[in-house]
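Student: Counting along the sequence shown from 1, when you hit position 124 you're at 143 in the working numbering, and nothing is skipped either side.
Cβ atoms here follow ideal geometry from the backbone N, Cα and C, with glycine treated the same way.
Since the model is a prediction, treat every value here as computed from it, not as a measurement.
Let me begin by handing over the structure; questions about it come next.
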Amino acid sequence: MARVLVTGAAGFSGRTIARRLVAAGCEVVAHRRRSPLPDDLAAAAAVTDWPGDLAELDALPDGVEAVVHAAATSTPTGRADAVPAAVLIRDNALASARLVEAAKAAGVRRFVYLSSLSVHGTVNERSLDASTPIREPDPYGVSKLMGESVLAASGIPAVAVRLPAVIGPGADRNWPVQVVRRIRRHETVRIYNADGPFNNVVHVDDLADWIARLLIAGEPMRGFNAVPVASREPIPVRAAVATIAAGLGLDTHLEEVVAPRASFTIDTIAAQSLGFRPSATVDALDRYARDPD
């Protein structure tokens, strides 16, 4: 039974990943900074609670064979300046560097890092993939990119997952979450590029299932790969909002705005070559809307 460290195990993505790994037969060391673990993880025999500040980390717990680094400080959607850059660099870049250093010393041979599409900064292309240029990312994007760079230089076999909006029960920030809240409050939902294609979303269950497969696969993880993920089969932005409203069983009122820049879709071929199996966009949004809490 593999012993896996999951950082940020009290957070939205981290707790789902930890649960999936326990269900797959792994022993999980559940790192958290301040928030308590969910009751089911705290009570699980296969889970070890490991609180602490990763920016002050010296060594991993004994026996850790793989790491999933889900812990991060992020900014609210549309509020890139809401968290000071120094906090982002400390909590994301420095913490990641300390974790990678400790993982290398411990002989870890599988490492999954939850990065962000924000590393790309301004996207001018109509389709984003792993080779899309990086153009002036904001401080959050820089902090995640620094984590990728440290991991790539370490020589640890790893996958950096460049995430879009992650949705599922309990998601608390990103555009689909905001849409759900506005529809529930019977407020107007403002959308840009209403006819533009949209797949900038991934369901947390798809993410967790893939990470579990990466960590328990028979074949070894090789090299460093930074890959974007998203749902498959893009739909118009207008249809994305309609899908959420239908799942909630509520009407919606739209305000359509022309955006200065065309929207882009996310190419997941690189992630699929590593075993990622995304839901269709309409299915991911519908599943989330029917169980958002």
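In this structure, does DSSP put Ala21 in helix, strand or coil?
Tutor: The answer is coil: DSSP assigns Ala21 none of H, G, I, E or B.
Student: In whole angstroms, give me the CA-to-CA distance for Arg192 and Gly27.
Tutor: Going from the Cα of Arg192 to the Cα of Gly27 covers about 16 Å.
Student: What separation, rounded to the nearest whole angstrom, lies between the Cα atoms of Arg309 and Ala278?
Tutor: About 29 Å.
Student: Here's the rule I'm using: 16 or more other beta-carbon atoms within 10 Å means buried, otherwise exposed. How should Val87 be labelled?
Tutor: Classification of Val87: buried, given that the 10 Å Cβ count is 16 or more.
Student: Between which residues of its own chain and Asp59 is the CB-CB distance below 8 Å, once the five residues before and five after are set aside?
Tutor: Excluding residues within five positions, the ones whose Cβ falls inside 8 Å are Arg38.
Student: So what's Glu275 in DSSP terms, helix, strand or just coil?
Tutor: The answer is strand: DSSP assigns Glu275 an E or B state.
Student: Report all residues from its chain with a CB closer than 8 Å to the CB of Phe31; omit the five preceding and five following residues, and keep chain order.
Tutor: Excluding sequence neighbours, Phe31 sits near Val185, Gly187, Gly189, Ala190, Asp191 and Val223.
Student: Would you mind working out which of Ala259, Ala74, Asp100 and Asp77 sits nearest Val301, comparing C-alpha positions?
Tutor: If we check each option's Cα against that of Val301, Ala259 comes out closest.
Student: Taking C-alpha atoms, which residue in Glu275, Thr67 and Ser93 lies nearest to Val83?
Tutor: It is Thr67 whose Cα lies nearest to the Cα of Val83.
Student: Taking its Cβ as the centre, do 16 or more other Cβ atoms sit within 10 Å of Arg167, making it buried, or is it exposed?
Tutor: According to the sequence shown, residue 167 is Glu rather than Arg. Buried.
Student: What span of residues does the beta strand (DSSP E) with Pro188 cover, start to end?
Tutor: Unbroken run through Pro188: none, as it is neither H nor E.
Student: Determine the direct distance from the alpha carbon of Ala124 to that of Gly174, and round the result to whole angstroms.
Tutor: About 11 Å.
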